[in-house]
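Novice:
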Amino acid sequence: MSFLGMAHRRSMIVENKLIESKKIAWITGGHRWLGRVLVVVAFIQAALGLQVLYPWEELKFRGVGYWITYFINAIFWLLLFVLAELYRKYRFELPGIKYKRIGNKLQKIENKRDPVLSVISDKPKFYTWKDIAEEMEKDNLLVVAEGKYVIQINSWLNNHPGGSIILRSVAGTDITPDYFNESGFDIEGFIPRTIEQLPRKRTFTPTKESQQEKRISIDKKPKYTPEQEQAPLSISKSEWDAVLKARRTHVHSRLAIKKLSQMIVGELTTNTTETRFDKYENRRYAIVSKTLENSSQSNPIYRIKFALLYPFERRTHQPQILPGQSVLIRYFYNRQYQQCHYTPVTNDLNAFEIYVKSYPEGNVSRFLTEQEPGKRQFQISGPFGDPIFNPYYSIKDTASETSTLISGYIPAQRDELFISRGDYVVVFNHIIGEGWAYGLNMTTNNKGMFPLSITFPPTPTKLAVLNTCKSQKDIFGKDIVSHALLSYPIEFSILHLLTKEDLEQSETFGNCIGGRIDENIIKKMLNDLWDYTRSKSQIVLIIGPNEMQGNVTDLLLSNGLEQTDLKIFGNSQRLIAKKKIDGIGLLKEAINSVS
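For the sequence shown, the working numbering begins at 37 and goes up steadily by one.
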C-alpha cells in the first residue's frame, strides 16, 4: 500500500508538470486515450479467449456460467468507468463556466461573472477576525484567502494530500502569502489561465472590473518572487534562515485551488481596500532564537524570540506592544490547540522576545522551551490589554523638563554632545537598554548623545522592586534593568529575597538577602517609600501566584494601605478574558517612567 501511495503522489506531480507544458501536451492526450483503448482491448481479448474455450455456438451445451460471469464483469466495470468520469467532470469543474480545449489547456469562453463569487450566495456571510477566532474555539476551521474570502477547511482534514497537520497549523490565519504567492498561485489560480504565466498579484481587484481591466491592473504590478526577500533589520541572517525553514510551503495543484474555491463560506468584513491591522487576527510566527537566561535546574528561564513568517505582508496602523500588554501564543499539539498569554520584553510585532519560565507541570511553558528555531509555526494575536501607563506621556510629564547634570562630558564620537558641569540639557529620548540619552544643551544650543549616568532626573518618581525567588540562579532580566540601576541609584532599587541558598557574591544586579516576604520587610519598604498623607500619586503592583498575592495583600492592608492602592496581576485577576500575564513588561515600563 505504501508503494502504491508513493506511486500515486509521483503521478500527481508528473501530471501537474505535464499540464503546464504545451510542448508535451500530446503526451498527456496520448496517455489518456491509450488507457481507454487498453480497457477496450482487454475486454475484447477476454471475449476471444472465452470464444476459443467455449464457442458461442455451443453455449447451450457448455460454458454458460463463464459467459454470464464475463458480461457481469464487463457491465460492472463499464458503469464504474462512466460514473468516475461523470464524478470528475461535475465535482472538480467550477459551476457556471464553459470551457473549450486548446491543445491540453482549458480556456474559458464565457465568464459574465467572477467564478469565485459564483460559489458564494448572493448574500454571503461576513466575518471579522474576532468572529473567525470564536469559530476556531468551536473547532470550525476557517482560513482567509487573498485577504478577502473566508474558507472552511474541515471537509479537507481527512483527505488533504499534505496531511491534516498543515491545515491545523494555518487554520484561523490568512493563507494568502504562502498558499497563493509562495506556491505559484494567485487570484488567477481560481480560474483557468488563458496564458502560460501571469505576473504576481497580491490582492483582489474589484469584481465589477472587466477581464481586460483585470489583466491591465495585474500587468502593472511589479513582479515578485520569494527569493527577492531579504531579512528585516530587526533579525539576523541566522534568524531569517529559521523563518524560511519554518514556512514549509506546500505546493498545491490547480485541482486544489479549484477545490478551495468551492469551500468559500463568506467574506472578510473590510471597509477599505488596504489591509488594516486587527489584534484578533492570528498571524503566523516562528521561533528564531532561544537563549538560556539562568542556571536553574528545576525552573530554567529562556529568552525566546519570535518573528513573523511573512514580515513584508504589511498591515496599516500596526501598533507597538506597550508595557502591560500581552500577546496570545497558540499552537496545535497532541490533537488539540494550546494557548497562553505572554508579555513581550520588546515592542515590535514583526519580531519580539518573551521570557518563558519552564515548569515541570506546565504544558505550554515546557513545550515552548523545548522547541528548536525554525521547527514549527505558531499563531500569535494581540496585543491585548490596557497599557499600565499612558504611552503618550510619562507619570509626571517631565519630557520637556531639564535634567540636572552631576558632571561634564567630553564627546568620544561625532554624534555625542559636549557638556560642561552646570549646563542644562533638555532630554528628548532615553535609550534605557544602552544607558544613553539624546538631548539639547541649552547653553551651547547643540544636540547629541550623552550617557545617562551624568544626569540627575527632576522627576520625584521612585521605583522599588521586591523580588522573591529560591536562589540567585532563578534571577533573570539583567540586560533590561542593569543600566537603569547604574544610572538612577536613588530613584530605582531592587531587593531580592532568596529562600533556599546562601548569599555568596555574584554578578546579580540589585541587593540580595535571605528570607521571605514578611511583615518586617513590608514595614521597612513602606516606611522608606510610602507617603501616608497621599499628597502624591503612588501604587503597589503585585505580580505572582495566587497564594503569594493573598499573603502580600493582607500584609499591605494591615499596614495602612487601601484596596485602591493595590494593582494585582496574575492568575486570580484577569485584565482580559482568561489572560495570563508576566511582570517583565510592567517592570520595564516602570523603569521608563523613572527616566
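For glycine and all other residues, C-beta sits at the position ideal for the given N, C-alpha and C.
#1: From residue 344 to residue 453, what does the alpha carbon distance come to, in whole angstroms?
#2: I need the straight-line Cα distance from residue 322 to residue 410, nearest angstrom please.
#3: Residue 531 to residue 570, Cα distance in whole Å?
#4: Is it buried or exposed for residue 600, if we count other Cβ within 10 angstroms and need 16 for buried?
#5: When the Cα atoms are used, what is the spatial distance from residue 276 to residue 347?
#6: Assuming contact is defined by CB atoms lying nearer than 9 Å, are residue 382 and residue 340 in contact in what I supplied?
#7: Which residue marks the beginning of the beta strand (DSSP E) containing residue 327, and which one marks its end?
#8: Looking at residue 331: is its Cβ nearer than 9 Å to the Cβ of residue 506?
#9: Of all the beta strand (DSSP E) runs that stay within the bounds of the segment 518 to 578, which reach a length of 3 or more residues?
#10: Buried or exposed, going by whether 16 or more other CB atoms sit within 10 Å of the CB of residue 513?
#11: For residue 192, tell me which candidate among 460, 324, 294 has the shortest Cα-Cα distance.
#12: In the structure shown, what three-state DSSP assignment does residue 170 receive?
#13: Could you check the C-alpha separation between residue 352 and residue 384 for me, to the nearest Å?
#14: If the criterion is Cβ atoms closer than 9 Å, does the pair residue 393 and residue 336 meet it?
#15: Can you check which of these residues, 167, 445, 550, 521, is closest to residue 501 by C-alpha distance?
#16: Taking the CB atoms as reference points, tell me whether residue 491 and residue 517 lie closer together than 9 Å.
#17: Taking only the alpha-carbon atoms, compute the straight-line gap between residue 449 and residue 515 and give it to the nearest angstrom.
#18: Taking the C-alpha atoms as reference points, what is the distance between residue 388 and residue 484?
#19: Let me know if residue 93 comes out buried or exposed under the rule of 16 or more other beta-carbons within 10 Å of its beta-carbon.
#20: Could you tell me whether the segment 86 to 103 touches the segment 61 to 74, where touching means 3 or more Cβ pairs closer than 8 Å?
#21: Start and end of the alpha helix (DSSP H) containing residue 484?
#22: Where DSSP assigns a beta bridge to residue 369, which residues make up the other side?
#23: Is it buried or exposed for residue 220, if we count other Cβ within 10 angstroms and need 16 for buried?
#24: Apart from the five residues just before and just after residue 313, which ones in its own chain have a Cβ nearer than 8 Å to its Cβ?
#25: Starting from residue 405, follow the beta strand (DSSP E) in both directions and report where the run begins and ends.
#26: Starting from residue 504, trace the beta strand (DSSP E) both ways and give me its first and last residue.
#27: Is it the case that the Cβ atoms of residue 456 and residue 489 are separated by a distance below 9 Å?
#28: What does DSSP give as the partner residue(s) for residue 472 in the beta ladder?
#29: Of all the options 421, 213, 186, which has the alpha carbon lying nearest to the alpha carbon of residue 306?
#30: Smallest Cα separation from residue 210: which of 270, 415, 403, 333?
#31: Report the three-state DSSP secondary structure of residue 310 (helix, strand or coil).
#32: Pick helix, strand or coil for residue 178, following the three-state DSSP scheme.
#33: So what does DSSP say about residue 100, is it helix, strand or coil?
#34: Return the CA-CA distance between residue 175 and residue 181, expressed in angstroms with no decimal places.
#35: With the cut-off set at 9 Å, would you say residue 527 and residue 499 are in Cβ contact?
#36: Compute the Euclidean distance between the alpha carbons of residue 632 and residue 533, then round it to the nearest angstrom.
Specialist: Reading it off the structure:
#1: C-alpha separation (whole angstroms): 38 Å.
#2: Cα to Cα, the separation comes out at about 6 Å.
#3: Rounded to the nearest angstrom, the two C-alpha atoms are 24 Å apart.
#4: Residue 600 is exposed by the Cβ-count criterion.
#5: One C-alpha to the other measures close to 11 Å.
#6: The criterion of a C-beta distance shorter than 9 Å is not satisfied by residue 382 and residue 340.
#7: For residue 327, the uninterrupted beta strand (DSSP E) run begins and ends at 319 to 328, by DSSP.
#8: For residue 331 and residue 506, no; Cβs fall outside 9 Å.
#9: With a minimum length of 3 residues, the continuous beta strand (DSSP E) runs that stay inside the segment 518 to 578 are 528 to 534, 547 to 550.
#10: With 16 or more other Cβ atoms within 10 Å, it is buried.
#11: Residue 192 has its Cα closest to that of 294, out of 460, 324, 294.
#12: Collapsing the DSSP output to three states places residue 170 in a helix.
#13: Each residue's Cα considered, the two are about 14 Å apart.
#14: Yes, the pair counts as a contact, with Cβ atoms nearer than the cut-off.
#15: Of 167, 445, 550, 521, the residue nearest in Cα terms is 521.
#16: With respect to residue 517, residue 491 sits apart: the two C-beta atoms are not nearer than 9 Å.
#17: Rounded to the nearest angstrom, the two C-alpha atoms are 24 Å apart.
#18: Rounded to the nearest whole angstrom, the CA to CA distance from residue 388 to residue 484 is 28 Å.
#19: With a threshold of 16 other beta carbon atoms within 10 Å, residue 93 falls short and is exposed.
#20: The segment 86 to 103 is not in contact with the segment 61 to 74.
#21: Taken as a continuous stretch (DSSP letters only), residue 484 belongs to no alpha helix (DSSP H), being part of the beta strand (DSSP E) at 482 to 487.
#22: BP columns for residue 369 point to 372.
#23: Residue placement at residue 220 is flagged as unreliable, the pLDDT there being 48, under the threshold of 50; a coordinate-derived value is accordingly withheld.
#24: The beta carbon of residue 313 is closer than 8 Å to those of 351, 352, 353, 354, 355 in its chain, skipping five residues each way along the sequence.
#25: First-last for residue 405: 399 to 406, but that is the alpha helix (DSSP H), not the beta strand (DSSP E).
#26: Per DSSP, residue 504 belongs to the beta strand (DSSP E) from 499 to 505.
#27: Going by beta carbons, residue 456 and residue 489 fall outside the 9 Å limit.
#28: According to DSSP, which records beta bridges pairwise, residue 472 is partnered with 467, 487.
#29: Per the Cα distances, 186.
#30: Residue 210 has its Cα closest to that of 415, out of 270, 415, 403, 333.
#31: Residue 310: coil per DSSP, three-state reduction.
#32: Residue 178 falls in the strand class under three-state DSSP.
#33: The answer is helix: DSSP assigns residue 100 an H, G or I state.
#34: One C-alpha to the other measures close to 19 Å.
#35: By the CB criterion at 9 Å, residue 527 and residue 499 fall inside the cutoff.
#36: The structure shown does not extend to residue 632, since the chain is modelled only from 37 through 631, so no value can be given for it.
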